[in-house]
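Data first, discussion second: the structure below is written as structure tokens.
In my numbering, the protein residues as written are 3 to 715.
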């Protein structure tokens, strides 16, 4: 017999409004939530077998075994019943003397055999007596209007009473007739009294309120059932359009059943069930102080991109944009199968499987780095962390000065920074003696760069390794020269043991600097800095980082040269599915080709170009495959949406630490579009018989194949 799991979870039916305004005395009128609802589930077998009994009989038998007395069980009345995927779900309200206990309920689920498999118990103990109301339905309605609709002058007259509910005339201010249901209201002491649940729905503003009024005419709680949270955001990036005000989904949708917002909010600290977004300029992984309380659900700050991103208004925009993008992506991935049971990111999983308490901690303008972003993914049940950085604008914030000419530079994302004075020293080419000799990927002769600034070619190994080799040879600074005619950028790496600064210059500027040798040069920060760019406004970067969370949760162990590269390409793939654009991060990188060596629709690489030297460069192969696959679906009788679905579902058939052919085979298992998949992968050398393995010294060894199965010829 497997152990019964009794999960205790707070289920506040009216969110933060539960138990707010009550009687003048210490015993407040509250929305009943049973203090803490009891959720019962058993792994792999029923809670209780039906043995021919009805669902209500089985449910009552179970509840009786767990402490509910006869009077409480007799008060149950079925209010809704539906079937989903073979499971019947029934919700019971609790009634005494024909009056509903506001907020009290029980929910049960029975399988196709009628066996009880899930119970939520949020029932009130039936008292010996109930205090009557001191007011009538009319005064309850007027109290609700006065509290929640102070600009509405209407005082509708009564129309009729049916059972416990009194209906009022639909005056000019209301979309439907207001009504007041006589209900039982819980007090903090546990006693029950009569009161009213008043429903009003206005024409202007579309405001739908349910207001709980106690026996003395005081408002105990208010529920606004109109989805009115709104966000002024860049839905893609500032390159794709101006800010737009968009609405949150509100309650009741499948992906986010209780909407996006939950708890207290400020302009720089927004939280909900799917994501907690906040400013973290001081890089302590906690929300920074500051921000104004927001009770309206409206996050409407306007950005000014001519100002630094660190102005108060721009910081508000960063947080609201990051919150919005994370939620949009959560809901979209949910529709493709990244649900609670699959390990998605939510605080409350609503009893749908998986482990909760793992919404994304999304840190805007994180102060721990620049020109990058990251996403750490713990196992299901622990919060992942997304850190978004500021990015260097076109031309960089550093410069290299040689012979009176200043060349734009970007400080790398590791090692010490530069002051406006900087470092001045002779310039020397690094030479490691192994072709290509200028990349410093191998150890340099000791003392060969003593007191010099090293000139190093980009390519074939991690950036920080180049800097460490140059430092070991005596260099006091490192200038990495781009090996492509693309924008300069801050490469990532470890700062461990590095005491010398490193910058990157363009391919053309590097050639000019070398042409001036022998010479001395100065690496320094510019005296006048252009504003940094905020990646919180760039959906490509946000989606890419979230993609790491997706692949780690669905596949796991996305580390190492091959799997790490697929993770990088997979992050780009998620951004491409969301924005249907083959360039990634154009806004942040200040380049039409984005942060990669080329746009994915023109990238000229195949499987054998994956070497194990650098995961981002290697990951471009997988990204290019997926862009072609998307286009195959779009033009081959299917749709990009179907490709998105097959991609997510395919990860569920993919082994950990996958190869590119493993990713292909996972999609083939999930899809009925085999030839569209085969063509895309085979075009880049991952056809029939292709293989990629991680060999000695973490090098990737590839056998290419450009063949498709005979059935796809």
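Ideal Cβ positions, reconstructed from N, Cα and C, are used throughout, including at glycine.
Within its chain, find whatever has a CB closer than 8 Å to the CB of residue 714; leave out the 5 residues flanking it on each side and keep chain order. If you number the chain shown from 1, residue 714 lands on position 712. These residues qualify, in order along the chain: 676, 677, 680, 681.
Is the stretch 363-374 touching the stretch 534-542 in the sense that three or more CB pairs, one from each, lie closer than 8 Å? A contact exists between the stretch 534-542 and the stretch 363-374.
In terms of residue numbering, what span does the beta strand (DSSP E) encompassing residue 660 cover? To locate residue 660, count along the chain shown from 1; it is residue 658. First-last for residue 660: undefined, no H or E at that position.
Runs of beta strand (DSSP E) lying entirely within the stretch 34-74, each at least 3 residues, in chain order: 39-44
Does the Cβ of residue 246 have 16 or more other Cβ atoms within 10 Å, making it buried, or fewer, making it exposed? Mapped onto the chain shown, residue 246 falls at position 244. Residue 246 should be labelled exposed.
Quick one: is residue 196 buried, meaning 16 or more other Cβ sit within 10 Å of its Cβ, or exposed? The count along the chain shown starts at 1 and reaches residue 196 at position 194. Under this definition residue 196 is a buried residue.
Identity of the residue in 551, 437, 188, 215 nearest residue 198 by Cα: Position 196 of the chain shown, counting from 1, holds the residue named residue 198. The candidate whose alpha carbon is nearest that of residue 198 is 215.
For the beta strand (DSSP E) containing residue 480, list its first residue and its last residue. Here residue 480 refers to the residue found at position 478 when the chain shown is read from its first residue. Segment 479-483, the beta strand (DSSP E) holding residue 480.
Sequence-distant residues of the same chain with beta carbon closer than 7 Å to residue 178, five excluded per side: Residue mapping note: residue 178 aligns to position 176 of the chain shown, counting from 1. If we look at residue 178 and ignore the five residues flanking it on each side, its Cβ neighbours are 172, 203.
Are three or more beta carbon pairs between the stretch 619-626 and the stretch 514-526 nearer than 8 Å? no
Can you list, in chain order, the stretches of the alpha helix (DSSP H) that have 4 or more residues and sit fully within the stretch 543-596? Runs of the alpha helix (DSSP H) lying entirely within the stretch 543-596, each at least 4 residues long, are 563-581, 588-591 in chain order.
Nearest to residue 442 by alpha carbon, out of 463, 427, 452, 449? In the chain shown, residue 442 corresponds to position 440, counting from 1. Comparing Cα positions, the closest option is 463.
Tell me the DSSP secondary structure of residue 131 in three-state form. Here residue 131 refers to the residue found at position 129 when the chain shown is read from its first residue. Coil, per DSSP.
Closer than 6 Å by C-beta to residue 628: which residues in its own chain qualify, once you throw out the five before and the five after it? Chain order, please. Position 626 of the chain shown, counted from the start, is the residue given in the question as residue 628. Within the same chain, residue 628 has close Cβ partners 575.
Give the DSSP-derived three-state secondary structure of residue 144 in the structure shown. Residue numbering aside, residue 144 sits at position 142 when the chain shown is read from its first letter. Helix at residue 144.
Tell me whether the beta-carbon of residue 700 lies closer than 9 Å to the beta-carbon of residue 683. Position 698 of the chain shown holds residue 700. Position 681 of the chain shown holds residue 683. Not a contact, by the Cβ cut-off of 9 Å.
Quick check on residue 511: buried or exposed, where buried means 16 or more other Cβ atoms within 10 Å of its Cβ? Sequence index remark: in the chain shown, residue 511 carries index 509 (1-based). So residue 511 counts as buried.
Cβ-Cβ distance between residue 162 and residue 31 below 9 Å: As a first step, residue 162 is located in the chain shown; it is residue number 160 there, counting from the start. As a first step, residue 31 is located in the chain shown; it is residue number 29 there, counting from the start. At least 9 Å separates the beta-carbon of residue 162 from that of residue 31.
Three or more beta-carbon pairs under 8 Å between the stretch 59-66 and the stretch 115-123, yes or no? yes
Contact under 9 Å by Cβ, residue 555 with residue 344: In the chain shown, counting from the first residue as 1, residue 555 sits at position 553. In the chain shown, counting from the first residue as 1, residue 344 sits at position 342. It is a contact, given that the beta carbons lie within the stated cut-off.
Between 91, 55, 108, which lies nearest to residue 75 when the distance is taken from Cα to Cα? The residue you call residue 75 lines up with position 73 of the chain shown. Of 91, 55, 108, the residue nearest in Cα terms is 108.
Counting only runs that start and end within the stretch 262-348, where is the alpha helix (DSSP H) found for 4 or more residues in a row? 314-337
Segments of 3+ residues assigned as beta strand (DSSP E) that fall wholly inside the stretch 641-706: 693-696, 702-705
If distances are taken between C-alpha atoms only, which option among 398, 399, 428, 389 comes closest to residue 405? In the chain shown, the residue the question calls residue 405 occupies position 403. It is 428 whose Cα lies nearest to the Cα of residue 405.
If you run the structure through DSSP and keep just helix, strand and coil, what is residue 509? The sequence position of residue 509 within the chain shown is 507, counting from 1. Residue 509 falls in the helix class under three-state DSSP.
Grab me the residues of residue 104's own chain with a C-beta within less than 7 Å of its C-beta, minus the 5 sequence neighbours each way, in chain order. Counting from one through the chain shown, the residue named residue 104 turns up at place 102. Excluding residues within five positions, the ones whose Cβ falls inside 7 Å are 33, 34, 185, 186, 187, 199, 214.
Indicate whether residue 407 and residue 514 have their beta-carbon atoms separated by less than 9 Å. The count along the chain shown starts at 1 and reaches residue 407 at position 405. The count along the chain shown starts at 1 and reaches residue 514 at position 512. Yes. Within cutoff.
Assuming residue 501 contacts residue 475 (C-beta within less than 8 Å), just tell me the rounded distance between them. If you number the chain shown from 1, residue 501 lands on position 499. If you number the chain shown from 1, residue 475 lands on position 473. With a Cβ gap of about 13 Å, residue 501 and residue 475 do not count as contacting.
For residue 712, count neighbouring C-beta atoms within 10 Å of its own C-beta (all shown protein chains included) and say buried if the count is 16 or more, exposed if not. The residue labelled residue 712 in the question sits at position 710 within the chain shown. It counts as exposed.
Could you check where the beta strand (DSSP E) with residue 250 kicks off and where it finishes? Your numbering for residue 250 matches position 248 in the chain shown. Element bounds for residue 250: n/a, residue is neither H nor E.
Exposure of residue 258, with buried meaning 16 or more beta-carbon neighbours within 10 Å: For the purposes of this step, residue 258 is taken as residue 256 along the chain shown, with counting starting at 1. So residue 258 ends up on the buried side.
Compute the Euclidean distance between the alpha carbons of residue 581 and residue 355, then round it to the nearest angstrom. As a first step, residue 581 must be located in the chain shown, where it is residue number 579. As a first step, residue 355 must be located in the chain shown, where it is residue number 353. Distance between the alpha carbons of residue 581 and residue 355 is about 30 Å.
Exposure of residue 304, with buried meaning 16 or more beta-carbon neighbours within 10 Å: Along the chain shown, one-based indexing puts residue 304 at 302. By the 10 Å Cβ count, residue 304 comes out exposed.
Extent of the continuous beta strand (DSSP E) run through residue 107: Translated into positions along the chain shown, residue 107 becomes position 105. Unbroken beta strand (DSSP E) run through residue 107: 101-112.
Apart from the five residues just before and just after residue 434, which ones in its own chain have a Cβ nearer than 6 Å to its Cβ? Taking the chain shown and counting its residues from 1, one reaches residue 434 at position 432. If we look at residue 434 and ignore the five residues flanking it on each side, its Cβ neighbours are 442, 444, 446.
Presumed contact (8 Å Cβ cut-off) between residue 609 and residue 686, rounded CB distance: As a position in the chain shown, residue 609 is number 607, starting the count at 1. As a position in the chain shown, residue 686 is number 684, starting the count at 1. Contact flag correct, Cβ pair sits at about 6 Å.
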